[in-house]
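Participant: For reference, the structure I am asking about is given below.
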Amino acid sequence: MDSKEVVICYAKRTAIGSFGGSLLPYRASKLLSLMIKDCVESTGIDPSVISDIKSGCCNESSDEMNVARVASIMAGIPNEVPAMTINRVCTSAMEAVRAGMVDILAGHGDVVLAGGVESMSNIPYYLPSARFGARLGNKEMVCGITEGLYAGSKILAPQDSYIMGMTAEFIAEKYSITRQMQDEEALRSQNNAENSTINGRFKDEIVPVEVKTRKKTYVFEKDEHFRPGQSMEALQKLRPAFKKDGTVTAGNASGINDGACIILLTTAVKAQELG
Numbered sequence: 001m002d003s004k005e006v007v008i009c010y011a012k013r014t015a016i017g018s019f020g021g022s023l024l025p026y027r028a029s030k031l032l033s034l035m036i037k038d039c040v041e042s043t044g045i046d047p048s049v050i051s052d053i054k055s056g057c058c059n060e061s062s063d064e065m066n067v068a069r070v071a072s073i074m075a076g077i078p079n080e081v082p083a084m085t086i087n088r089v090c091t092s093a094m095e096a097v098r099a100g101m102v103d104i105l106a107g108h109g110d111v112v113l114a115g116g117v118e119s120m121s122n123i124p125y126y127l128p129s130a131r132f133g134a135r136l137g138n139k140e141m142v143c144g145i146t147e148g149l150y151a152g153s154k155i156l157a158p159q160d161s162y163i164m165g166m167t168a169e170f171i172a173e174k175y176s177i178t179r180q181m182q183d184e185e186a187l188r189s190q191n192n193a194e195n196s197t198i199n200g201r202f203k204d205e206i207v208p209v210e211v212k213t214r215k216k217t218y219v220f221e222k223d224e225h226f227r228p229g230q231s232m233e234a235l236q237k238l239r240p241a242f243k244k245d246g247t248v249t250a251g252n253a254s255g256i257n258d259g260a261c262i263i264l265l266t267t268a269v270k271a272q273e274l275g
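With the UniProt record's numbering applied, the sequence shown covers 1 to 275.
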């Protein structure tokens, strides 16, 4: 057996919450801590053997900076176990998993928890002019979500800045991906998500989350972002979202969601050792 062969011993997630939906009461750190805690409890590993915890997060809040570390401590992981947060925008969680694998292959550790978290429902508005005195006149509040979607293009090229949705338009134009093709893929994806939910195919990979509201307490354990009964007719009625004559719509673009996931990476040898 290859002593450096990397294996996955645990892979779970929360259900995906819609914008302002069931996971609104949960900050990113809390969501991620629930996943870390479940990973430790489900696998039975001693938390002290964890080499590192890596989480992707595109939209970190300033009061839970290095959200992986905050979540780690919240989950009861020993302070001696390091944790880091990675931001590679949309691929942050995948980058965290890649980094965890590389750490193991390089001999920097042999048990890594890696995944990602986003709580887009909790991204705040900002009032940048308030810090050193707004003085006279009205001041504009800035939407953290909208600004984040510019991904730095306002800084790099203020006159030609664009949000991520326009990136999809550029890619569609470059590779001749038509509106019909995008809608067909969106329909396939949403129908598959609905059918898999109805048939319980996601049940084993989802960690239930208890949600408390003023009116009730319930367990959130099913994805809520997909549109039940989605049809091609409905998708084709949607207007382009980012460009007047564009092809990307609210129905075939990626969503604004909340959720968290964690996988446990280790070597095949260490996995046998830990049982």
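From the three backbone atoms N, C-alpha and C, an ideal C-beta is built for every residue, glycine too.
What's the gap between the Cα of residue 49 and the Cα of residue 112?
Facilitator: Straight-line Cα distance between these residues: approximately 9 Å.
Participant: Quick test of your reading: residue 64 and residue 29, contact by CB under 8 Å. State the CB separation rounded to the nearest angstrom.
Facilitator: So it is a contact: roughly 4 Å between Cβ atoms.
Participant: Give a yes or no on whether the C-beta atoms belonging to residue 6 and residue 266 are separated by under 9 Å.
Facilitator: Yes, they are a contact pair.
Participant: For residue 136, which three-state DSSP category applies?
Facilitator: Residue state, collapsed to three classes: coil.
Participant: Among 61, 151, 156, 45, which has the Cα closest to the Cα of residue 164?
Facilitator: It is 151.
Participant: With a cut-off of 8 Å on the beta carbons, I'd call residue 91 and residue 172 a contact; round off their distance for me.
Facilitator: Not quite, the Cβ-Cβ distance comes to about 19 Å (not below 8 Å), so this is no contact.
Participant: Given that a residue counts as buried once 16 or more other Cβ atoms are within 10 Å of its Cβ, and exposed if not, what is residue 270?
Facilitator: Counting Cβ neighbours within 10 Å, residue 270 comes out buried, since at least 16 surround it.
Participant: Is the beta carbon of residue 225 within less than 8 Å of some heavy atom of the ligand ZN?
Facilitator: For the ligand ZN, the structure offers nothing, since it holds no ligand at all.
Participant: Take residue 108 as the anchor and find which of 222, 231, 242, 4 has the nearest alpha-carbon.
Facilitator: Looking at the Cα atoms, 4 is the closest of the given residues.
Participant: Grab the span of the alpha helix (DSSP H) containing residue 183 for me, first residue to last.
Facilitator: 179-198 is the extent of the alpha helix (DSSP H) around residue 183.
Participant: Below 8 Å on the Cβ atoms is my guess for residue 142 versus residue 114; work out the distance and round it to an integer in Å.
Facilitator: Contact flag wrong, Cβ pair sits at about 32 Å.
Participant: Please list the terminal residues of the continuous alpha helix (DSSP H) segment that includes residue 127.
Facilitator: Premise fails: residue 127 is in no alpha helix (DSSP H) and is neither H nor E.
Participant: For residue 56, tell me which candidate among 17, 268, 85 has the shortest Cα-Cα distance.
Facilitator: It is 85.
Participant: Check whether the Cβ atoms of residue 197 and residue 226 lie closer than 9 Å to each other.
Facilitator: Cβ atoms of residue 197 and residue 226: closer than 9 Å.
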